[in-house]
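Data first, discussion second: the structure below is written as structure tokens.
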Amino acid sequence: MNWEDDAMRITVLTVPDCPNGPVVEERLACALEGRGAEVGLVEVGDAEQAVRLGMTGSPTVLIDGVDPFAVSGAPASLSCRLYRGSDGRAEGAPSVADLRRALDAADTTADCACPPIDAAGRAGRGRLAPVAGGLRAVEQAVLRHFAATGHAPVIGELEAAAAAHGRTAAEVVADLGGDDFLVLDDHGRIRAAYPFSAGPTTHRVRLASGIEVWAMCAIDALGVADMLGSDAVITSADPVTSETITDTCAGGHMTWQPSTAVVYVGQRSCTGPAADVACGALNFFTSRRTACTWARRHPDYTGQAVEQSQAEALGRSIFGSLLLAAEPVEGRGC
483 MNWEDDAMRI
493 TVLTVPDCPN
503 GPVVEERLAC
513 ALEGRGAEVG
523 LVEVGDAEQA
533 VRLGMTGSPT
543 VLIDGVDPFA
553 VSGAPASLSC
563 RLYRGSDGRA
573 EGAPSVADLR
583 RALDAADTTA
593 DCACPPIDAA
603 GRAGRGRLAP
613 VAGGLRAVEQ
623 AVLRHFAATG
633 HAPVIGELEA
643 AAAAHGRTAA
653 EVVADLGGDD
663 FLVLDDHGRI
673 RAAYPFSAGP
683 TTHRVRLASG
693 IEVWAMCAID
703 ALGVADMLGS
713 DAVITSADPV
723 TSETITDTCA
733 GGHMTWQPST
743 AVVYVGQRSC
753 TGPAADVACG
763 ALNFFTSRRT
773 ACTWARRHPD
783 YTGQAVEQSQ
793 AEALGRSIFG
803 SLLLAAEPVE
813 GRGC
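If you're matching positions, the sequence shown starts at 483 in my numbering and goes up one per residue.
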């Protein structure tokens, strides 16, 4: 199926020769009443495909990948599906009225009008570590190592930066981890230093030097070029459609492909490091509609889809100064 950008996407899943397939297509046409949408029919031939596509009986209607008539706990199935209308009657396809209500609900949620959240984490305190105790010196050493090599430093490679402040690298790294400047594993090794991840993520950043790094989230990826003062190419994927999204930063200007791409900025309603609370919800999407589809599928996150310029500004504000802020001259404070 070749979907148009930002169009509502409706998929009808049926088994071959399902008698109610044509019925639901006819009712969809009536319910849409000229509303812009792409409608596709997919024949499902085996149980494995039914599980993968989310089919709980034939026919199943998906609106932007979500089954609005889903029954909690219903298993994937190739059997005939029954829909019970508001009058209590069971039919082999949703009524026109029920389809219209489902379409209206999908349109209503498409704006994702949710309150803004603290994408930076740390309760608005930012990502620049304080100078005291060698925290900033070691944080910046970690970030420079990621940028130069594409991977995290081992603790021994940070001893010089820590020793200048009369401490061991292990002590400083532990403090940075405790205050969510770094993410550490159970052995005290560095798993991440925002914006960089030591392991693969959805967000890959290729620097002008040729070095490739993983970013913790979409906002982190957008902050890398400003932080390093470097051109960069970000490659990511829409979590809903798996379509590739590419952001190219050249000369301080960012070009997005596709041009309809947005970033969803969200977080869980709990406390903890940003890696656990927010990073899973800071993703690139090919359009606002697919971002909102993802949001409906993940009610444990609260957030909103933001436009490209807002996402770029957020990345810049969080990470742009991390390597520019040198340690103060002795006696002049922080």
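Cβ atoms here follow ideal geometry from the backbone N, Cα and C, with glycine treated the same way.
Quantities reported herein were computed from a predicted structural model and do not represent experimental measurements.
* Less than 9 Å separating the beta-carbons of Ala793 and Ile693? -> Contact flag unset, no.
* For Ser691, count neighbouring Cβ atoms within 10 angstroms of its own Cβ and tell me buried if that reaches 16, exposed if not. => Under this definition Ser691 is an exposed residue.
* Per-residue DSSP class, three states only, for Cys596 -> Low per-residue confidence applies at Cys596: pLDDT is 44, beneath 50, and the placement is therefore not dependable, though the value from the model is reported in the following sentence. In the structure shown, Cys596 sits in coil (DSSP, three-state: anything other than H, G, I, E or B).
* To do: Could you tell me whether the Cβ atoms of Arg491 and Glu520 are closer together than 9 Å?
  => Yes, Cβ-Cβ distance for Arg491 and Glu520 is below 9 Å.
* **Endpoints, the beta strand (DSSP E) within which Phe766 is located** => Here the beta strand (DSSP E) through Phe766 covers Asn765 to Phe767.
* Are Gly733 and Arg750 closer than 9 Å when you measure CB to CB? -> Not a contact, by the Cβ cut-off of 9 Å.
* **Start-end ranges of the beta strand (DSSP E) lying completely within the region 688–761, minimum 3 residues** => Along the length of the region 688–761, whole beta strand (DSSP E) runs at least 3 residues long occupy 694–697, 714–719, 726–732, 735–739 and 744–750, reported in chain order.
* Asked: Of all the options Tyr565, Leu610, His647 and Glu789, which has the alpha carbon lying nearest to the alpha carbon of Val823?
  -> In this structure the chain extends from 483 to 816, so residue 823 is not present and cannot be described.
* Taking only the alpha-carbon atoms, compute the straight-line gap between Ile637 and Thr784 and give it to the nearest angstrom. => Using only the alpha carbons, I get a separation of about 36 Å.
* Asked: Going by the CB atoms, is the gap between Phe801 and Tyr676 shorter than 9 Å?
  -> Closer than 9 Å, so yes.
* Cβ contact (3+ pairs, closer than 8 Å) linking the region 649–660 and the region 702–722 -> The region 649–660 vs the region 702–722: no contact.
* To do: Compare the Cα-Cα distances from Arg618 to each of Thr631, Ser724, Ala645 and Gly632 and report the closest residue.
  => When each option's Cα is compared against that of Arg618, the closest is Ala645.
* **Boundaries of the alpha helix (DSSP H) in which Ile672 is found, first to last residue** => Careful: Ile672 lies outside any alpha helix (DSSP H), inside the beta strand (DSSP E) at Ile672 to Ala675.
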